[in-house]
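J.:
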Amino acid sequence: MSTVGEPGGIEALYPFLAPAPVDREAVVTDLCASTRRKADEIVALRRSLVALHAERLVACARAMAAAFEAGGRLFAFGNGGSSTDAQAVAQVFAAPPEPARAVAAVPLAQDVALLTALSNDVGYELVFARQLAALGRRGDVAVGLSTSGGSANVLNAMAEASRRGMLTVGLVGYDGGPMAQEDRVAYLFVVPSASVHRIQEAQITLCHVLWELTQRVLTGET
Numbered sequence: 002m003s004t005v006g007e008p009g010g011i012e013a014l015y016p017f018l019a020p021a022p023v024d025r026e027a028v029v030t031d032l033c034a035s036t037r038r039k040a041d042e043i044v045a046l047r048r049s050l051v052a053l054h055a056e057r058l059v060a061c062a063r064a065m066a067a068a069f070e071a072g073g074r075l076f077a078f079g080n081g082g083s084s085t086d087a088q089a090v091a092q093v094f095a096a097p098p099e100p101a102r103a104v105a106a107v108p109l110a111q112d113v114a115l116l117t118a119l120s121n122d123v124g125y126e127l128v129f130a131r132q133l134a135a136l137g138r139r140g141d142v143a144v145g146l147s148t149s150g151g152s153a154n155v156l157n158a159m160a161e162a163s164r165r166g167m168l169t170v171g172l173v174g175y176d177g178g179p180m181a182q183e184d185r186v187a188y189l190f191v192v193p194s195a196s197v198h199r200i201q202e203a204q205i206t207l208c209h210v211l212w213e214l215t216q217r218v219l220t221g222e223t
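When we follow the numbering used here, the leftmost residue of the sequence shown carries the number 2, and every step to the right adds one.
#1: Quick check: the stretch 43-50 against the stretch 187-207, are there 3 or more CB pairs under 8 Å?
#2: Take Ala89 and list the residues in its own chain whose beta-carbon comes closer than 7 Å to its own, dropping the five residues that flank it on each side.
#3: Where does Pro108 fall in DSSP's three states?
#4: Mark Val5 as exposed unless 16 or more other C-beta atoms lie within 10 angstroms of its C-beta, in which case mark it buried.
#5: Determine, using beta carbons only, whether Glu213 and Ile43 come nearer to each other than 8 Å.
#6: According to the Cβ coordinates, are Leu75 and Phe94 closer than 8 Å?
#7: What's the call for Ser35, buried or exposed, on a 16-neighbour Cβ count within 10 Å?
#8: Specify, as a first and last residue, the run of the beta strand (DSSP E) that Thr265 falls within.
#9: Could you have a look at Val142 and say whether DSSP puts it in helix, strand or coil?
#10: Please list the terminal residues of the continuous beta strand (DSSP E) segment that includes His76.
#11: List the DSSP bridge partners of Tyr188.
#12: Taking 6 Å as the limit between beta carbons, can you name the residues of its chain near Ala105, skipping five residues before and five after?
#13: Fully enclosed by the stretch 34-109, which beta strand (DSSP E) runs are 3 residues long or longer?
#14: Let me make sure I understand the geometry here. Which of Val155, Leu32, Arg25 and Thr85 has the alpha-carbon closest to that of Cys208?
#15: Within this structure, are the beta carbons of Val218 and Arg37 separated by less than 8 Å?
#16: Using only CA atoms, which one of Asn80, Gly140 and Ala45 lies nearest to Gly151?
#17: Kindly indicate which three-state DSSP category Ser147 falls into: helix, strand or coil?
#18: How long is the line joining the alpha carbons of Ile200 and Val210, rounded to whole angstroms?
#19: What is the DSSP secondary structure of Pro193, counted as helix, strand or coil?
#20: From His54 to Val28, what does the alpha carbon distance come to, in whole angstroms?
#21: If the criterion is Cβ atoms closer than 8 Å, does the pair Arg165 and Arg138 meet it?
#22: From Pro170 to Leu32, what distance separates their C-alpha atoms?
#23: Leaving out five residues before and five after Leu127 in sequence, what residues of the same chain have Cβ atoms less than 8 Å from its Cβ?
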């Protein structure tokens, strides 16, 4: 592992941490340029998703609203950063700002004791599927997030949700990966990017658009 002072060390990534004197003005200029490039990338990617997914987003929101009207609940799940995003999705559906309508929503990665028990006793690839087997029922909504589209535990959860008659919604990156194959989910939203950062930023935007569209259907605005 490289360290500060070694060729290719941490100062190659963060030059302002280097022990030797650096051109601070050049560093600031580079940081500003990098920030602008990243901001431009995510704005362009988000705009491209309008044309790519607009009709599917509307159709998915209508299906989700119908599920919630019938008493369905939302279960959201993912790994790492996608787990954090899944918790944010559940939060906005379950505790939205007023006067939006709240619906029952559960993030499946919130219970550390349950996750570690299932990982240890059954296997990490089933930590979400086992929870859906116990909690899910026909008419509920399963929202799975994965940057690669190939996370085994997310794929297994989607399969379990489908078997139980749940509405399945998937958000993935790159080319969609295994989740994009064989019609694994009812509504799939692919973010066509090779950057994990841009994918996750765009995925949470798609989730908020879905929430807003669902709210409009629930309140009769559409």
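Here a beta-carbon is modelled for each residue, glycine too, at the ideal position from N, C-alpha and C.
Bear in mind the structure is a predicted one, so any value in this text is a computation, not a measurement.
T.: Let me lay it out:
#1: yes
#2: Ile205
#3: In the structure shown, Pro108 sits in a strand (DSSP, three-state: E or B).
#4: Unreliable placement is indicated for Val5, whose pLDDT of 45 sits below 50; the coordinate value is still reported in the next sentence. By the neighbour-count rule (16 or more Cβ atoms within 10 Å), Val5 is not buried but exposed.
#5: no
#6: yes
#7: exposed
#8: Missing from the structure shown is residue 265; the chain here goes from 2 to 223 and no further.
#9: Secondary structure at Val142: strand, using DSSP grouped into helix, strand and coil.
#10: For clarity, residue 76 is Phe in the given sequence; the question names His instead. Looking at the DSSP string, the run of the beta strand (DSSP E) that includes Phe76 is Leu75 to Phe78.
#11: Val170
#12: Arg74
#13: 75-78 and 106-108
#14: Thr85
#15: no
#16: Asn80
#17: Taken through DSSP and simplified to helix, strand or coil, Ser147 comes out as strand.
#18: 15 Å
#19: coil
#20: 39 Å
#21: yes
#22: Strictly speaking, residue 170 in this sequence is Val, with Pro absent from that position. Roughly 37 Å separates the two Cα atoms.
#23: Correct list, in chain order: Leu119, Asn154 and Asn157.
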